[in-house]
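Novice: Heads up: the sequence shown runs through residues 558 to 938, numbered per my numbering. Backbone N, C-alpha and C fix where the C-beta goes; we use that ideal spot for every residue, glycine too. Values in this document were obtained by computation on a predicted structure and should not be read as measured data.
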Amino acid sequence: MDKLKHLAPETDTVQGLHYADPQTGSIIPPVMPSTTFARDENYELISPSHSYGRDQNPTYLTAERILTRIEGGQAALLFSSGMAAAAAVVQSLKPGDHIVIPKVMYWGLRNWMMEFCAKWGIELDQFDLNDPDDLEDKVQPGRTALVWIESPCNPTWDVIDIETAAEVAHAAGARLAVDSTVATPVLTRPIEFGADLVMHSATKYLNGHGDVVAGALVTAKQDEFWEKICKVRAEAGAIPGSFEAWLLQRGMRTLYLRVRHACQSAMAIAAHFEGHPGLESVLYPGLESHPGHGVAAKQMQGGFGGMLSFCVKGGEKAALAMVGRCQVFIRATSLGGVESLIEHRYSIEGPTSPIPRNLVRLSVGAESVDDLIADLDQALG
Ligand SMILES: *Cc1c(COP(=O)(O)O)cnc(C)c1O
558 MDKLKHLAPE TDTVQGLHYA DPQTGSIIPP VMPSTTFARD ENYELISPSH
608 SYGRDQNPTY LTAERILTRI EGGQAALLFS SGMAAAAAVV QSLKPGDHIV
658 IPKVMYWGLR NWMMEFCAKW GIELDQFDLN DPDDLEDKVQ PGRTALVWIE
708 SPCNPTWDVI DIETAAEVAH AAGARLAVDS TVATPVLTRP IEFGADLVMH
758 SATKYLNGHG DVVAGALVTA KQDEFWEKIC KVRAEAGAIP GSFEAWLLQR
808 GMRTLYLRVR HACQSAMAIA AHFEGHPGLE SVLYPGLESH PGHGVAAKQM
858 QGGFGGMLSF CVKGGEKAAL AMVGRCQVFI RATSLGGVES LIEHRYSIEG
908 PTSPIPRNLV RLSVGAESVD DLIADLDQAL G
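(1) In terms of residue numbering, what span does the beta strand (DSSP E) encompassing Trp705 cover?
(2) Please return the same chain residues whose Cβ sits closer than 6 Å to the Cβ of Arg626, not counting the five positions on each side in sequence.
(3) In the DSSP output, which residue or residues are listed as bridge partners for Asp736?
(4) Using 8 Å as the cut-off, can you tell me whether the stretch 724-736 makes contact with the stretch 744-755, which would need three or more C-beta pairs spanning the two stretches below that distance?
(5) Output the residue ranges of the beta strand (DSSP E) runs that lie fully inside the stretch 811-869 and measure 3 residues or longer, sorted by chain position.
(6) For a test of your reading of the model: does the CB of Ile640 fall under 8 Å from any non-hydrogen atom of ligand 1? Yes or no.
(7) Does ligand 1 have a heavy atom nearer than 8 Å to the CB of Lys676?
(8) So, with DSSP's three-state summary, where would you put Gln779?
(9) Does the distance from the CB of Cys868 to the CB of Glu831 come in under 9 Å?
(10) Enumerate, from N- to C-terminal direction, the unbroken beta strand (DSSP E) stretches of 3 or more residues contained entirely within the stretch 868-913.
(11) What first and last residue would you give for the alpha helix (DSSP H) that runs through Val769?
(12) Is there at least one non-hydrogen atom of ligand 1 closer than 8 Å to the beta-carbon of Ser649?
(13) Starting from His655, follow the beta strand (DSSP E) in both directions and report where the run begins and ends.
(14) Got a sec, what are the start and stop residues for the alpha helix (DSSP H) Glu628 sits in?
(15) Are the C-beta atoms of Thr619 and some chain D residue less than 9 Å apart?
(16) Have a look at the DSSP bridge pairing and note the partners of Val917.
(17) Examine ligand 1 and report whether any of its heavy atoms sits within less than 8 Å of the Cβ of Ser758.
(18) Measuring only the C-alpha atoms, how far is Asp715 from Gln683?
(19) For Gln683, which three-state DSSP category applies?
(20) Is any non-hydrogen atom of ligand 1 found closer than 8 Å to the C-beta of Gly849, if you look at the structure I gave you?
(21) Just reading off the alpha helix (DSSP H) that Ala644 is part of, what are its end residues?
(22) Expressed to the nearest angstrom, what Euclidean distance is found between the alpha-carbon atoms of Phe886 and Ala878?
(23) For Leu602, does the count of other Cβ atoms within 10 angstroms reach 16, so buried, or fall short, so exposed?
(24) Under 8 Å from any heavy atom of ligand 1, does the C-beta of Val770 make it?
Dropping the structure here:
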């Protein structure tokens, strides 16, 4: 078994950790929908780790074990959504704690954190990604409990140096949590750069097929804080259904193939459209012109992700008209699936959004890249 430790993470992912059912030899794990687990005649549980299905569902184990393995952590938990996973981290803090988050990040989570922290008595500060000293200025040594970051950041794909953020957080006695939904463990393993927790919206790349809403956390250490998070999931019950957890482990088998393909196509699209007369800019960390390129090259291995944005000349109206002309890209929110999606972020986020009104976000999928480029070319006119 020791030899397995040396296999590449994609081998373990593709094979579901070399799964074979001990009774039948089935190479695919079963869906286990049972909500409760039986006891023997002495009233002992037949399986000591399974009593009630609120959070002891054996169907979760395959995806949790693969995630633990490929993120290089000690344990993982699945949740009913990415938001539920992030919420469990914040709910494990105490009133009076202080947290620091970036000004630009997944807007739904930023909004929730701002509202929840205000009600729960947690002080929240936001740091400016473009000021290299701002995170250090915002953390309060001895008081800050959590620094939360996302990299690359939705939807400008600014890159945060995880290693530096971990040093700043740890020097202040805080934990670092990284929303790694966009980078995926294929490209970045935040724990290797010092992160304490990694969060995923498994709805996106991990599942990859647009048919499951789920979330996940991976911890570097099974410490007291992790125990609190486990308790929040067990008691508050933000768990995925058995079938969703099963679909997730199935989707994850092709994670490496899908992400690598998306990186190649996104790079080709970014390179093709950089300098296009209809665009003010192409935002993609793989381009040397992107301010985060240097840090991205250090902390993303094998590609720069499948997400990029266009800032369209002519403002919001021109951006919406361009989106309206697309025939291959599907107009829809979300990201990380095999179907390429296009969206006008400002319309989704509304008037409080810091997102430029002419920004169009692309999630590059698994279609022929020539079709995708031709579609964007004709849409830009
Ligand atoms: C989608 C998303 C989330 C929220 O995840 P859900 O699964 O939709 O709850 C959080 N962070 C990022 C970066 C996302 O893209």
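Specialist: The relevant details are as follows:
(1) Here residue 705 refers to the residue found at position 148 when the sequence shown is read from its first residue. That run of the beta strand (DSSP E) goes 701-707.
(2) Position 69 of the sequence shown, counted from the first residue, corresponds to residue 626. Once the five neighbours on either side are set aside, the close Cβ partners of Arg626 are Asp569.
(3) Within the sequence shown, the letter at position 179 stands for residue 736. Asp736 is bridged to Glu707, Met756.
(4) yes
(5) 836-840, 864-869
(6) The sequence position of residue 640 within the sequence shown is 83, counting from 1. Ile is not the amino acid found at residue 640; the sequence shown has Met there. Checking every heavy atom of ligand 1 against the Cβ of Met640, one is found closer than 8 Å.
(7) One-based indexing of the sequence shown puts residue 676 at position 119. Answer for Lys676: no, Cβ out of range of ligand 1.
(8) The sequence position of residue 779 within the sequence shown is 222, counting from 1. Three-state DSSP puts Gln779 in coil, outside helix and strand.
(9) As a first step, residue 868 is located in the sequence shown; it is residue number 311 there, counting from the start. As a first step, residue 831 is located in the sequence shown; it is residue number 274 there, counting from the start. Going by C-beta atoms, Cys868 is not nearer than 9 Å to Glu831.
(10) 898-901
(11) If you number the sequence shown from 1, residue 769 lands on position 212. Taken as a continuous stretch (DSSP letters only), Val769 belongs to no alpha helix (DSSP H), as it is neither H nor E.
(12) Counting from one through the sequence shown, the residue named residue 649 turns up at place 92. Answer for Ser649: no, Cβ out of range of ligand 1.
(13) Position 98 of the sequence shown, counted from the start, is the residue given in the question as residue 655. That run of the beta strand (DSSP E) goes 655-659.
(14) Position 71 of the sequence shown, counted from the first residue, corresponds to residue 628. It spans 618-628 - the alpha helix (DSSP H) in which Glu628 sits, taken as one unbroken run.
(15) In summary, chain D is missing from the structure at hand, where a single protein chain is found.
(16) Translated into the one-based positions of the sequence shown, residue 917 becomes position 360. Answer is Phe867, His901, bridged to Val917.
(17) Position 201 of the sequence shown holds residue 758. Ser758: yes, Cβ under 8 Å from ligand 1.
(18) Taking the sequence shown and counting its residues from 1, the one referred to as residue 715 is at position 158. Taking the sequence shown and counting its residues from 1, the one referred to as residue 683 is at position 126. Between Asp715 and Gln683, the C-alpha separation is close to 15 Å.
(19) For this step, residue 683 is matched to residue 126 along the sequence shown. Here Gln683 sits in strand by DSSP.
(20) Within the sequence shown, residue 849 is the residue found at index 292, counting from 1. Checking every heavy atom of ligand 1 against the Cβ of Gly849, none is found closer than 8 Å.
(21) Locating residue 644 in the sequence shown gives position 87, counting from the first residue. 639-648 is the extent of the alpha helix (DSSP H) around Ala644.
(22) Within the sequence shown, residue 886 is the residue found at index 329, counting from 1. Within the sequence shown, residue 878 is the residue found at index 321, counting from 1. Rounded to whole angstroms, Phe886 to Ala878 spans 14 Å at the Cα level.
(23) Within the sequence shown, residue 602 is the residue found at index 45, counting from 1. By the neighbour-count rule (16 or more Cβ atoms within 10 Å), Leu602 is not buried but exposed.
(24) Here residue 770 corresponds to residue number 213 of the sequence shown, with the count starting at 1. It does: the Cβ of Val770 is within 8 Å (strictly closer) of some heavy atom of ligand 1.
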